[in-house]
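Per our numbering, the very first residue in the sequence shown carries number 4; after that it's consecutive.
Even glycine gets a Cβ: it sits at the ideal position worked out from N, Cα and C.
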Amino acid sequence: MTTQQYRLEVDADKVGVLTLDRPQTLNSLTFELYAQLEKLFVDLETDARVKSLVLTGAGRGFCSGGNVEEIIGKLFERDAAGTLEFTRMTGAVVRNMRRLTKPIVAAIHGIAAGAGAVLALASDIRVVGEKASFAFLFSKVGLTGADMGAAWLLPQVVGMGRATEILLLGDKIDAQEAHRIGLANKVVPQERVVEEAVAIARRLATGPTAAHAMTKRLLVNEAGMDLDSAIEQEAQAQALLLRMKDHREFYDAWREKREPRFTGR
């Protein structure tokens, strides 16, 4: 029987804290953990307990990437079809993260390396500890730096020139540099990383969640569109949101001089 390699805890405000739970290996990824995450990010879409998510790691690291012994060594025993099956599964984790309409806030308190760096990148907001770091180190182990969607996601965050440098060289990026280039949204003291990430996630969970979901969906959809198509999609989406109860609640609250009480409808 496969052991669950993560923990999911949900608070009263419907903030889920998803913790990768392999601290002895800095939360390295295994075949089992990839499969568990692939399914979890699909299931979370319809999980009414969760309105926003914090992704973090147990112990000293966020995620050190694929486990050398438990993944890389075993992949040499597979044929080409088996190898492709694995790489498609790893990409599916990221695809399901981006398709999830609930916001994901990464709390990165330690190393985010290899696939761990891509999990952080696939999150919507990244809160980074002052001693944390990123390393997109695929090229350093003889693999393409374009893995799990990194070559699509990273240029959107840091620009094509910087993304090319990061993915080709695979050098470590400290927290301050990550913030300077836009990879980190916020840098905080180590002991406050999860606290800050949860605070952002709580703000999202208690806000107009339908609006947040639509915003995330359009950010993903419009990446491959021309401007005219994007404007038309936004017009249709906004027309829908203008007729929803949350927008009316904003208007009623404004007239009554009180804080709005959003319901996500």
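With 16 other Cβ atoms within 10 Å as the buried cut-off, status of residue i
{"i": "residue 150", "result": "buried"}
{"i": "residue 55", "result": "buried"}
{"i": "residue 230", "result": "exposed"}
{"i": "residue 201", "result": "buried"}
{"i": "residue 260", "result": "exposed"}
{"i": "residue 51", "result": "exposed"}
{"i": "residue 36", "result": "buried"}
{"i": "residue 238", "result": "exposed"}
{"i": "residue 111", "result": "buried"}
{"i": "residue 243", "result": "exposed"}
{"i": "residue 101", "result": "buried"}
{"i": "residue 15", "result": "exposed"}
{"i": "residue 282", "result": "Since the displayed the chain opens at 4 and closes at 268, residue 282 lies outside it and no answer follows."}
{"i": "residue 71", "result": "exposed"}
{"i": "residue 212", "result": "buried"}
{"i": "residue 19", "result": "buried"}
{"i": "residue 47", "result": "buried"}
{"i": "residue 115", "result": "buried"}
Cβ distance (whole Å) where residue i is taken to contact residue j below 8 Å
{"i": "residue 160", "j": "residue 186", "result": "6 Å"}
{"i": "residue 216", "j": "residue 105", "result": "7 Å"}
{"i": "residue 74", "j": "residue 32", "result": "7 Å"}
{"i": "residue 29", "j": "residue 67", "result": "4 Å"}
{"i": "residue 166", "j": "residue 172", "result": "At roughly 11 Å, the Cβ-Cβ gap does not stay under 8 Å, so residue 166 and residue 172 are not in contact."}
Chain-order list of residues whose beta-carbon lies under 7 Å from that of residue i (same chain, five-residue window excluded)
{"i": "residue 153", "result": "121, 124, 139 and 170"}
{"i": "residue 86", "result": "78"}
{"i": "residue 225", "result": "233 and 236"}
Residues of its chain near residue i, where Cβ-Cβ distance is below 8 Å and the 5 sequence neighbours each way are ignored
{"i": "residue 41", "result": "92, 95, 96 and 99"}
{"i": "residue 252", "result": "263, 264, 265 and 266"}
{"i": "residue 26", "result": "60, 61, 62, 63 and 64"}
{"i": "residue 8", "result": "23, 24, 25, 33, 35, 36 and 39"}
{"i": "residue 228", "result": "236"}
{"i": "residue 256", "result": "262, 263 and 264"}
Beta-carbon proximity of residue i to residue j, cut-off 8 Å
{"i": "residue 204", "j": "residue 108", "result": "yes"}
{"i": "residue 13", "j": "residue 57", "result": "no"}
{"i": "residue 232", "j": "residue 176", "result": "no"}
{"i": "residue 11", "j": "residue 21", "result": "yes"}
{"i": "residue 219", "j": "residue 82", "result": "no"}
{"i": "residue 69", "j": "residue 117", "result": "yes"}
{"i": "residue 221", "j": "residue 240", "result": "yes"}
{"i": "residue 134", "j": "residue 179", "result": "no"}
Chain-order list of residues whose beta-carbon lies under 6 Å from that of residue i (same chain, five-residue window excluded)
{"i": "residue 199", "result": "130 and 191"}
{"i": "residue 248", "result": "268"}
{"i": "residue 113", "result": "63, 64, 65 and 135"}
- Query: Can you give, in chain order, each stretch of the beta strand (DSSP E) that sits fully within the region 149-232 and has at least 3 residues?
  - Reply: 175-177 and 189-191
- Ordered list of beta strand (DSSP E) runs contained in the region 28-83, each at least 3 residues: Secondary structure within the region 28-83: the beta strand (DSSP E) runs of 3 or more consecutive residues, fully enclosed, are 55-60 (chain order).
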